Every structure is written in structure tokens, then in C-alpha cells.
Amino acid sequence: MTPMDRYDTSQIEPKWQKAWDEADLFRAVRDERPKYYVLEMFPYPSGRIHIGHVRNYTMGDVIARYRSSCGFSVLHPMGWDAFGMPAENAAMASGGHPKDWTYSNIDTMRGQMKPLGLSIDWSREFATCDPEYYGQQQALFLDMLEAGLVYRKPAIVNWDPVDMTVLANEQVIDGKGWRSGAEVERRELVQWAFAISSMAEDLLDSLDRLEDWPEKVRLMQENWIGRSRGAQFSFEVETAPDGHGAIEVYTTRPDTIFGASFVGISPDHPLAKTLEAEDPDVASFCSRCRKLGTTAEAVEKAEKLGFDTGLRARLPGGFVEDLPVYIANFILMDYGTGAIFGCPAHDQRDHDFAVKYGLRIVEVMRPKGADRDDGIELPAILEAPFVPPKDELVEYIRPVAGPDQMTGQQAIDHAVSWFETVHRKSDNVDRQLGVGVTKYRLRDWGLSRQRYWGCPIPVVHCDTCGVVPEKKENLPIRLPDDVTFDVPGNPLDRHPTWRDVACPNCGAPAKRETDTMDTFVDSSWYFARFTAPRAETPTDLDDAAYWMNVDQYIGGIEHAILHLLYSRFFARAMVRTGHLPQGTEEPFDALFTQGMVTHPAYVTKGDKGQPVYHLPEDVDVSARKVAATGEAVDVIPAIKMSKSKKNVVDPMDIIARYGADTARWFVISDSPPERDFEWTPEGAEAVAKHLSRVHRLATDIARADRDANEHDAALEKATARAVHEVTEGIEGFGFNKAVAKLYEFTNAISKSDAGAEARRAAMRTLAQLMAPMTPHLAEEVWQMLDGEGFVMRAPWPKADPALLVDDTVTLPIQINGKKKAEIEVAKDADKATVEALVLDQPAVVKALDGGQPKKLIVVPGRIVNVVV
RNA sequence: GCGGGCGUGGUGGAACGGUAGACACAAGCGACUUAAAAUCGCUCGGGCUUGGCCCAUGCGGGUUCGACUCCCGCCGCCCGCACCA
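When we follow numbering that gives the first Met the number 0, the leftmost residue of the first sequence carries the number 0, and every step to the right adds one.
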């Protein structure tokens, strides 16, 4: 064997990467072809790429290269989601600067991505921490401010009283600051917010149009936006402090008002705050509630706690007994009015609460057909609440309005009308008790962050002029470089010269806003910036009109709600402020969410029983022992790769050992793309073997004596089927299935006894079909077999439909639904013919035992089922 | 806690409501070789009274001529929960 024959990736891959570069193949150009924009969620520059990145970008690259072969002008860009906390944490830990850390990480990761041979237009690359990017983001912010889409409002944050700094939710561990260990307090700050809830209705209704999004993502967004229809009304509180004579409540179950047994208000409710100031017991209860942290998760998981204020709430008209008013820790100030009434009989949380504080449990409805007994407290309802689905017909014992039997939804509708016009018999007047309202769970998006490494908010605070927007000609407002992280808190806040500026309006001394923007802002419009990454304005409308929308967006399911919702909001805001053309309000035509990459982890127990993880290379996997010590290890089959579990595989090692094509092929084979993918050393090894087998097969075929016989029926049929099925696999994001078909096709070529020309033709098609996945090997094979130009420039092959159908089909015969035999019939055999054949089958004759079949089901071309 | 998803051989997985296990990995056997590697070929869900029969798609029910697929209830794991990205 000469060196030329070997499948030497270290020679082949750089060679083709250089050739592609020199031909400038991946530059996205506007021309007469139809366009296709494929985008993978851009990475955070954490330091090194991991296999998850390889899988994500390989999927995008398969689509990009495939579409390019299909004649599209493809835009496939890459950038960096470069602002965020890790850079500041690194600066605090090792004294460097977030900027240096970030850009050096970007250099490293770009250097790691290039050997993968991705068809990316690198000329469009940017990082969100580039002043050229965030300056345009500041311009967007100013336009949104003018359009009324940004405003200031108070918001609650986690405050670390020792470090004197605001903490992110992930920095609060068990209610304590991660560095200081101090008990975290809630603090209210005035913050900037995007008016995303003003678009709630459109964001919800438009989900129906996103047909090429996963159903689960649309459902998650729908639930997140959370449209609810309910009633809003007031309880009167006679002995309340001044200004709190009424408690406004919102409920989605007004039909249960006659089962109310308490009124609950949030610890952050204005009434609670007033009482807190007067009563130390209330204050201590509220402060206890506030230690829970700010996440909804913490609040909902916590034990239900209440504090009886001693106040009594009265529903005007005297329809319900006066109720006690509790401050309760599970009521969120952000949702509805921050106050509710509790109906323990028909709500789990209210039930828990009532049991704990000995409140009445009054039944309103009952399963249909249950005994009608007017006992107020029945044993069953004391045990558990009755919470039927809203569309189930139930028996109302205490209907607010409407018939005795109705569904929950009908009862709610009746109850809403009742609240709007109650008729009181005693004085024979109609009065309005409340109103039917539609509310959304979606809250406005607080964007202020008390951190350095983010996009500065371009406003100035002036004593005389108030909040003054920066002038656009002053943008970008750059982050100062001369900052230190030796003390906690935001360095901008204590910067000697950056903070103090002249008011853009009156020129008097003023202070710059020192908060920066949430990094979700950066990632909410980068897809638009890629269409004109060097424009002097946020976007170029011509370029945006040509390239938008993103035809295929690919990323992790963890972004199903926030990132995608914020991007949908931003697209709308950009259309409204003239930065995107009409029709781009939904910026992502198709969305695909890929699974994680997992790897086995190897663990032993330390001397204190704590888990000790071992690197795969230190473990003798087949013997399940630590190689050096012989200690037995437990194998955890497949968990998410993480450094702490020592189960991380470095893509660079894989490329060095097997080449990029092996890494690319392996990450999309075997597992369906939407599911988690398990990296195994055996799997990678097997792929490398297969690819070198393809290379060897191509070499052999290229060498074979040429003959004139170009046609081979069997091979042509196999080729047509491969073209058809691989194309279908790629189009439907079934890369694992496409790969399986490529294995089959390779086997078919390898086993074929067809002439050299016929095999050359089949092999060229194989190269084309493999090109999106293993582009370097495909180019090499294509060249060996005299393919013209680059394989990725060759038009995608088409299957001859005539070769895809067989003349006969094999029909399985089931008896009572289980397969017992099969028959071979003509493709278009009629029912009578098939029936006759079936009844002749020995297995059928035996099963019938001389009798007649009860039923004979013939599904033409598919199956026969004999029911005996 | 709430919302969403997933669960099929020893392993990853395939299967318009229609032959469960395609295609691979691992394992075993064989060929080639002085030998090994590489390569090629064969076997490979479990059980049994093995020319055949029975049981099998997390568990328990249901719909259907027929269910991995649809419906209901559990169990386990994963994602998100608004300041991680």
C-alpha cells in the first residue's frame, strides 16, 4: 500500500479547507438564486468548544451544504454571545480583565471550530461585546424608548448585604450569597423594562402560524404567556389602615366564590407593607417570607405559610360571610393583583392552607351523580380537594349563577356575568360587583443589570432634566477599560470619570446610568445583525429584506421559552421602529431543538462516602476498575458532560486522532437529533473505520479497469433508493436515518458485482450524498472518480421515481393481529385475488379449522388480517 | 410545586395505527495470517417440549380486526420556571 492510498485525515482535511477558502465558497452573496438562511444558536465563549457545539454546528452545516447543493444562496454565519457573568467571575478569580478573557476565549474557540470544516461565512463574524455591535444595540434601545417600548419601574432583586451587590438567581444558594454566605435580602430597585406584555396577545396568537416549530415549544410558550379569563372585584375591609379600604382580587374561578374561606395577599402587597410598618409580628412574618429568594420555584416549593392579619374582608352585598385576611407566602405580587380569595374545596394549595390554619372547607361542586347532600363539610372534601377538568360536567351545589349541572367553563362564564350585574333580591337592584378581565401571566422584561460586562444603557440622569437619552451621535457609549474587580459590586458605579458626565440636554453635571443590559438583549437581535454585520445602523433594510427570515434555526431546548420569546418580541419592536421590514415579526420560520451530548461517568466512593469521579482514560472500562489502583468503579451510563463529573470529551482530541469527518459523522449518526446523544469511544472508533472503508472502496473502484458497461440495474435501483431516502432524511431532520441509509448504500456498492463504470457512477453519488456530513472525504472521493469541480457545487442528485417502486410486494398475513405467514403478490393485485391466496395458506387453513373467518381485513399493498 | 418532554435487545436506535428490533456498537464463532492487528464472512431479544410454540416496546388499565404509536392513571429520568447562558 502506498501512502496515497491511506485515509489520512491530517492531510486530506486541511487540503480541502484551504481549497474551499481559496474559492471563497461560503461567502453569502445576494444574487438571483433563492436564499436560504440557516442559523445555529451562537455560543457563549466559555473557553473551549465541546461536543455539544460540534453536534449543533454539524447539524446546521448539513442543512447549509445540502441547501447550497440544491441551488440556494445560503447564509450561514457565526458569532459570539460574549457578554455575561463568567467573564467577570474569571476577572475576580484571577485578576485579568473580562475583555481580555473573552476575546482570548473567542480566538481559541474559533481556532477549534475552523478544523471542523463548517461552511460558515466567517466574514460576517462578530461578538456582542464589540462596540460596533453593542453601539447599534444602544441605538435600538433609544428608538424603543421613543416608541414607548421601554420604561422604568420598581423591581425586586437579590441583595447580598455583605458584598453589597445584586446577585443572580444562580448565585443564591439556599437563600445565601454564594461568596459571602450572607442571608440574601430582597431589595427593590428602579429598573428598566421592555413592554413585552403589551404584545402578549399577538405573541400568543401568532404561535399558531409557526407550523415548522416543534409543537412542544409552542405549547411551552403558550403556557408561559398564560392567557386567562377571570373576574376582578374588591373586598371591603372596614378596619383597614387608611387607603386600604378595599382589596382588589383576581380569580380565574369566580364560580367558586361561595366556597371562599379566606382572602390572601402577597407579602409584597401594599397592604402587607403598610401593616408591616405598624406591627412587628407582621414585619417578622414578611421578612421570613422574603428570605425565600425571588424565584417562583422557591416560592412554590416552600411550605405554605400564612399570617392572620385579624382584618375581615367583606364581599359587598353580603353574598358571602366575612372572611379572614391572611398574608400568604405562596401569593405572587407579580401575578394578577397580588391578592386572591381561597376556595379550599377546589384548589390544592388553598386546601393545604385551610387544613394548616383550620379554615372552613365549603363545597361548591361535586362529581355528577354524587349524592346531593347539603352538608357544608363532607368527609371526602376534608381529605382532598375536588378539582375536575374545566370541560367536565359536574353538579353545582352552590352555583353562583346558571343551572345545577354545567362544566367548570360554563360556570365561570355565568359567574363572570353575575359579577358584572348582580341582582340583589332584598332591595331589588342590579349592581356591579366586578368585571370580567383577560390577564396574561407574562410579565414585562426587566433588563437592568448591576454589572460591568454588558451593554451600557445609553441614558443620563440629570437633576433638572430627569432621565435623558444619549444623543445617537455619541454612540457607542463604550465600556471603560480601566476597571478593577478587587471589590464586589459594579465597577461602573464607582468609576471616577466614566460615571460623571454633562447632561446631553442642559449641559449641567449629571450621572450616566451605570446599569448594563441583560445579556438576553444581545441575543434577541443578532440574527438580524448577521444580514448586514458592518452596517452603520442596526440593520440594513435591503439586506434584511433579502435574507430574513431565518429559514432554519437550530439550538437547545433549554431556550424554548425565554430566548425565543424575547427574540419574537424584538423582531416586532424592530419592525415597529423601522429596523426590520414588515413580515419579519416572526423571525424564525422553522425551529429545531437538538438534544444534549452525554457520556458515561466513572465514580468511586471517597473516604467520607462522597463521590469521586475518574477520567475515562484512567479507567479499565471492561473490568470496571480504576486502572492504577484496581478499585472497582460504578459506571453511570449516560449523563450530561461536565467538568466536575470528569466525563468531558474534547473535540480537539477526536479531530487529532480520527479527523473532523469522523467527529461530524458520529455526532449525527445513531441518535435522533432531537434526543440526547451518547458519546462512546467505541462508536467514534467504528465511524473512523467506516470512513476509511469508504475511502478504500473509492480507491479500489478508481483503480479498476475501465469498461464500457455503464448500466447495472440492481446498483441503479440501490442508488435511486439511497438518493431518495437520504434526501428525505436530511429534509426531515432525520440525520441518523440518512446515515443508516448511507451505510446500506455503501454495503450495496461494496458487494455489487457490477462493472467499473457502473460502480464509479454509484460511488460518485455516494460522495454527493455524504458531502453534507463528511465534506472532506466526499471531496476526496469525488476527485478520485473524476467528479467535476467541488462536490458541494455539484447539483444534488435526483432519484428516478420509476426505480423506486417494485413490481411485487410481500404481504404479511396476520391471524388475530399476529403475523403468521406472508405472501408475494403483484403490486396492484386486487382484493379478491389476495383473499383467495390468503385462504389457501396452510397457516390460515389450520387456524380456520374448516370454518369461515369472522372477518378478513385486506389493506392493499400493506397487510392482511384474518379474524377467526 | 407548576409547565413541557422522554422511556423499545447487553448498548445507541428503526418502525404512514399494519411483519417490533432497519442501520450500527459490543459480544461470540469462522476465514485469511507463522502470529497479531487490519480486513472479510456468519450468529446475536428472552423462554420452551425448537420443521414449531409462547412471552416481550417503563408499570397498570382502555379504544381497535390490529397499539411502540391513540386515550386514562402511575413510576423513573431530562428541560424550563423570568438576574446562568
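Yeah, the Cβ is synthetic: ideal placement off N, Cα and C, and Gly gets one too.
Only a predicted model underlies this, so the values are computations on that prediction, with no experimental measurement involved.
Quick one: residues in its chain with C-beta nearer than 7 Å to the C-beta of residue i, no 5 flanking neighbours on either side, listed in chain order?
i    : result
D588 : D211, N548, V549 and D550
G740 : For the sequence presented, residue 740 should be read as Lys rather than Gly. Taken in chain order, the residues that qualify are A721, E724, V725 and G728.
M3   : Reliability fails at M3, whose pLDDT of 47 lies under 50, so the model's placement of it is uncertain and no value is given.
D321 : R311, A312 and R313
I862 : L810, P811 and Q813
Residues bridged to residue i by DSSP?
i    : result
K854 : V866
L188 : A154
D267 : DSSP lists no partner for D267.
P468 : V458
F284 : Answer is none; F284 lacks a bridge partner.
D437 : Per the sequence shown, the amino acid found at residue 437 is Thr instead of Asp. T437 pairs with R228.
M516 : S447
M405 : V393
Quick check: what's the CA-CA separation for residue i versus residue j?
i    : j    : result
E727 : N735 : 12 Å
K826 : V865 : 20 Å
A760 : A798 : 13 Å
D106 : K113 : 11 Å
V459 : W497 : 11 Å
M364 : D390 : 14 Å
H268 : V434 : 21 Å
S751 : E724 : 20 Å
D848 : L855 : 15 Å
T536 : I11  : 42 Å
E394 : V386 : 13 Å
D254 : M40  : 46 Å
R26  : L803 : 37 Å
T745 : L765 : 7 Å
T164 : D429 : 55 Å
G629 : I822 : 58 Å
A747 : R692 : 13 Å
I375 : H345 : No answer about I375 holds up, because its pLDDT of 47 lies below 50 and its placement is not dependable.
A868 : G147 : There is no way to answer for residue 868, as the model of the chain reaches only from 0 to 867.
A81  : T127 : 5 Å
G309 : P402 : 36 Å
E779 : M769 : 11 Å
Select from the options the residue whose C-alpha is nearest the C-alpha of residue i.
i    : options                   : result
V790 : S103, T807 and M772       : M772
A544 : E584, G401 and A559       : E584
S233 : V161, L203 and P315       : P315
V324 : V824, H243, E296 and E779 : H243
L868 : T661, L474 and S749       : This structure cannot settle anything about residue 868, because the visible part of the chain is limited to 0 through 867.
V506 : L148, V857, V467 and A527 : Inspection of the sequence shows that residue 506 is occupied by Gly rather than by Val. For G506, the nearest C-alpha among the options comes from V467.
W546 : K819, L579 and H558       : L579
R674 : F484, C461 and G555       : G555
Q220 : R228, S205 and G229       : S205
G731 : A301, V53 and P672        : P672
D517 : T538, P455, P774 and E296 : P455
F786 : V863, A701 and G816       : The sequence shown places Gly at residue 786, rather than the Phe named in the question. If we check each option's Cα against that of G786, A701 comes out closest.
R287 : A327, D539 and Y56        : A327
S45  : L209, N104 and E21        : N104
R185 : A138, T238, Y36 and P160  : P160
L38  : L202, Y552 and A717       : Y552
Looking only at its own chain, which residues have a Cβ that is under 8 Å from the Cβ of residue i, when we skip the five neighbours before and after it?
i    : result
I729 : V61, I62, Y65, A737 and P771
T251 : S227, R228, G229 and I411
M143 : V149, F193, A572 and T576
Can you name, in chain order, every residue of its own chain whose Cβ lies under 6 Å from the Cβ of residue i, other than the five neighbours on each side?
i    : result
Q170 : W177
K14  : none
P680 : none
D539 : A531
**Message:** Whether or not the stretch 752–760 and the stretch 835–853 are in contact is what I'm after, with contact meaning three or more pairs of Cβ atoms, one per stretch, closer than 8 Å; do they touch?
**Reply:** Result no; under three Cβ-Cβ pairs closer than 8 Å.
**Asked** Hey, is the stretch 397–416 in contact with the stretch 148–164, meaning 3+ C-beta pairs nearer than 8 Å?
**Response** Counting C-beta pairs with one atom in each stretch, the stretch 397–416 and the stretch 148–164 have fewer than three that are closer than 8 Å, which means they do not touch.
**Message:** Taking 8 Å as the cut-off, does the stretch 563–573 touch the stretch 215–226 (at least 3 CB pairs, one atom from each stretch)?
**Reply:** Contact between the stretch 215–226 and the stretch 563–573 is present, because at least three Cβ pairs lie under 8 Å.
**Message:** For the pair the stretch 131–139 and the stretch 84–96, tell me if three or more CB-CB distances fall below 8 Å.
**Reply:** Output reads no: the stretch 84–96 does not touch the stretch 131–139.
**Prompt:** For the 8 Å Cβ check, are there 3 or more pairs between the stretch 427–441 and the stretch 500–518?
**Reply:** no
**Request:** Evaluate contact between the stretch 263–279 and the stretch 195–209, counting only Cβ atoms and requiring at least three cross-stretch pairs below 8 Å.
**Result:** no
**Prompt:** Is there contact between the stretch 258–267 and the stretch 329–347, where contact requires at least three CB pairs shorter than 8 Å?
**Reply:** yes
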